[in-house]
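Right, one structure below, let's go through it.
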Amino acid sequence: DAGVIQSPRHEVTEMGQEVTLRCKPISGHNSLFWYRQTMMRGLELLIYFNNNVPIDDSGMPEDRFSAKMPNASFSTLKIQPSEPRDSAVYFCASSVNEKLFFGSGTQLSVL
Amino acid sequence: SQELEQSPQSLIVQEGKNLTINCTSSKTLYGLYWYKQKYGEGLIFLMMLQKGGEEKSHEKITAKLDEKKQQSSLHITASQPSHAGIYLCGANSGGGADGLTFGKGTHLIIQP
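So the protein lines, in turn, are chains Y and F. The first sequence begins at 528 in our numbering and counts up by one. The second sequence begins at 18 in our numbering and counts up by one.
Here you go:
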């Protein structure tokens with residue numbers, strides 16, 4: 528099993544640009560989560576999906592953030608327009624039986 | 018919302034020594050999860066505790082959940098360099114398959 532796959536591993540962009548982060552969950556897992564990790568705030572839940580349906584997006588910081596899960600094997604997190612304060616590591620996780628499996632994360636730097 | 022407080026924030030321990038990391042919740046815990054994160058990598062699941070008084074062990078790591086289900090401890094015996102990393106506790110406030118809320122983590126450094 529390849530685990531949760533995230534791409535890209537690193538993203539450097541300029542303020543105002545659109546950024547798209549991608550995630551492929553583990554096959555058979557019916558829940559998918561997007562987290563953001565910073566030194567100041569730790570690991571924050573942004574949004575999660577059950578069976579491809581968004582359940583709770585209360586952690587999404589602003590309208591600039593959006594997430595989609597068009598099918599069971601793919602999800603995207605988009606930031607448009609990006610700002611320097613969005614710089615963080617973004618993790619995707621999928622779960623079965625309440626145990627979360629995390630991807631390696633995307634390190635995002637917005638200059 | 019549920020908040021998890023971890024202590025200490027960071028810990029430097031000589032190789033071979035024992036150590037304990039604590040996680041305290043502002044609400045009753047329906048499930049308490051311990052994860053380990055190596056620098057620059059994702060989180061790796063260690064253990065899950067659900068019942069008051071429950072204790073689980075894996076190799077040299079033991080985790081306990083107190084009877085009141087508001088505090089958990091992670092104990093490492095005879096620490097090794099491979100134990101270095103960030104330890105995070107996570108909790109599910111609703112008892113279902115919702116996203117976990119995490120503490121800010123404890124940075125563990127093992128000195129040879």
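Don't be surprised by glycine CBs; every beta carbon is placed ideally from N, CA and C. None of the values given here were measured: they were computed from a predicted structure.
Under a three-way DSSP split, which group does PRO98(F) fall into? As a working note, residue 98(F) is residue 81 in the second sequence. Note: PRO98(F) maps to helix in three-state DSSP.
If you draw a straight line from the C-alpha of LEU604(Y) to the C-alpha of LEU638(Y), how long is it? To locate residue 604(Y), count along the first sequence from 1; it is residue 77. To locate residue 638(Y), count along the first sequence from 1; it is residue 111. Their Cα atoms are separated by approximately 19 Å.
Between the Cα of PHE629(Y) and those of GLY569(Y), ILE553(Y), MET566(Y), GLU589(Y), spot the shortest distance and give me the residue it belongs to. Within the first sequence, numbered from 1, the residue matching residue 629(Y) stands at position 102. Comparing Cα-Cα distances from PHE629(Y) to each of GLY569(Y), ILE553(Y), MET566(Y), GLU589(Y), the minimum goes to ILE553(Y).
Per-residue DSSP class, three states only, for ASP83(F): Locating residue 83(F) in the second sequence gives position 66, counting from the first residue. ASP83(F) falls in the coil class under three-state DSSP.
Assuming LEU82(F) and GLY69(F) are in contact, meaning their beta carbons sit under 8 Å apart, how far apart are those beta carbons, in whole angstroms? Taking the second sequence and counting its residues from 1, the one referred to as residue 82(F) is at position 65. Taking the second sequence and counting its residues from 1, the one referred to as residue 69(F) is at position 52. Yes, LEU82(F) and GLY69(F) are in contact; Cβ-Cβ is about 6 Å, under 8 Å.
How many angstroms separate the CA atom of VAL539(Y) from the CA atom of PHE592(Y)? On the first sequence, position 12 is the one that residue 539(Y) refers to. On the first sequence, position 65 is the one that residue 592(Y) refers to. About 17 Å.
Please check if any C-beta of chain Y sits within less than 8 Å of the C-beta of LYS121(F). The sequence position of residue 121(F) within the second sequence is 104, counting from 1. Output row for LYS121(F): interface = yes.
contact_flag[the region 33-46 of chain F, the region 583-603 of chain Y] where n(CB pairs < 8 Å) is 3 or more: no
Do you know whose CA, among LEU572(Y), HIS537(Y), VAL580(Y), lies nearest ALA620(Y)'s CA? By one-based count along the first sequence, residue 620(Y) stands at place 93. Comparing Cα-Cα distances from ALA620(Y) to each of LEU572(Y), HIS537(Y), VAL580(Y), the minimum goes to LEU572(Y).
My assumption, with CB atoms under 8 Å, is that GLY102(F) sits in contact with GLN23(F). Please give the rounded CB distance. Taking the first residue of the second sequence as 1, we reach residue 102(F) at position 85. Taking the first residue of the second sequence as 1, we reach residue 23(F) at position 6. The pair is not a contact, with the Cβ atoms about 14 Å apart (cut-off 8 Å).
Chain Y residues whose Cβ lies nearer than 9 Å to that of ASN39(F): Start at 1 with the first residue of the second sequence, and residue 39(F) comes out as number 22. Ordered by position in chain Y, no residue passes the 9 Å Cβ test against ASN39(F), which lies about 16 Å from the chain.
Bridge partner(s) assigned by DSSP for LEU21(F): Sequence index remark: in the second sequence, residue 21(F) carries index 4 (1-based). Answer is SER42(F).
Quick one: list the residues of chain Y neighbouring ASN109(F), beta-carbon separation under 7 Å, in chain order. Sequence index remark: in the second sequence, residue 109(F) carries index 92 (1-based). The contacting residues are GLU625.
Would GLY569(Y) pass as an interface residue toward chain F - the criterion being a Cβ-Cβ separation below 8 Å? For the purposes of this step, residue 569(Y) is taken as residue 42 along the first sequence, with counting starting at 1. Interface residue, yes.
For SER631(Y) and LEU570(Y), I'd like the C-alpha separation in whole angstroms. Within the first sequence, numbered from 1, the residue matching residue 631(Y) stands at position 104. Within the first sequence, numbered from 1, the residue matching residue 570(Y) stands at position 43. Looking at the two C-alpha atoms, the distance is approximately 14 Å.
Between the alpha carbons of ASN109(F) and GLU545(Y), how many angstroms are there, rounded? Counting from 1 along the second sequence, the entry for residue 109(F) is found at position 92. Counting from 1 along the first sequence, the entry for residue 545(Y) is found at position 18. Each residue's alpha carbon lies about 33 Å from the other.
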